[in-house]
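When we follow this note's numbering, the leftmost residue of the sequence shown carries the number 139, and every step to the right adds one. Yeah, the Cβ is synthetic: ideal placement off N, Cα and C, and Gly gets one too. As the structure is a computational prediction, the values presented were derived from the model and not from experiment. Right, one structure below, let's go through it.
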Amino acid sequence: MGKAKNPPKQASNESRAVLRMYRSSPQKLNLLAQQIRGLPVQKAMDQMQFSRKRAAKDVYKVLYSAMSNAENNHGLDIDSLVVAEAHVGKNLVMKRIRARARGRAARIMKPFSQLTIVLRDTSVEAEAA
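Below is the structure:
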């Protein structure tokens, strides 16, 4: 019964990279994901490189990783890659307590999120995986 999980299903002209357990709220990370959705990969990387948001550096790394996966694992042409999907999901939420007046307590939520980036080669037609 030591069979491995099924690999994620994706087309032959796609590559992906996933950032898991990132210590930022999904709402903040989604602002950056919206900026790069549908852009050519080089333009998306420029967007992240010159963004003033803290998470932009890590989104850049995920983009770079997806681009490297496309080139090395799938043999795709990096010049014709487009950000097909960039979606953000919730992950773990650490719950902390802050002491307040009169012996009360307030809850502090420290959310984690995950980012999935899928790049698609526009020069190649998709074949079912």
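Three-state secondary structure (DSSP) at residue i?
i      : result
ASN168 : helix
LYS199 : helix
ASP259 : strand
GLN270 : Since the first residue shown for the chain is 139 and the last is 267, residue 270 is missing from the structure and cannot be characterised.
With distances taken Cα to Cα, identify the nearest neighbour of residue i among the options.
i      : options                        : result
ASN263 : ASN144, LYS147, ASN151         : Note that residue 263 is Glu in the sequence shown here, rather than Asn. Cα-wise, what sits closest to GLU263 is ASN151.
TYR160 : LYS195, ILE235, SER261         : LYS195
ALA204 : ARG245, PRO164, GLN180, ASN144 : GLN180
LYS228 : LEU253, ALA243, ALA208, ASP215 : LEU253
ALA224 : ALA149, ALA155, ASN144         : ALA155
ASP217 : PRO145, ARG240, MET183, PRO249 : MET183
Report the rounded CA-to-CA distance for residue i versus residue j, giving the unit in angstroms.
i      : j      : result
LYS147 : VAL200 : 19 Å
ASP259 : ARG238 : 54 Å
ARG234 : ALA244 : 8 Å
PRO164 : VAL256 : 18 Å
My assumption, with CB atoms under 8 Å, is that residue i sits in contact with residue j. Please give the rounded CB distance.
i      : j      : result
ALA193 : SER153 : Actually they do not touch by this definition, with Cβ atoms about 22 Å apart.
SER189 : LEU170 : 7 Å
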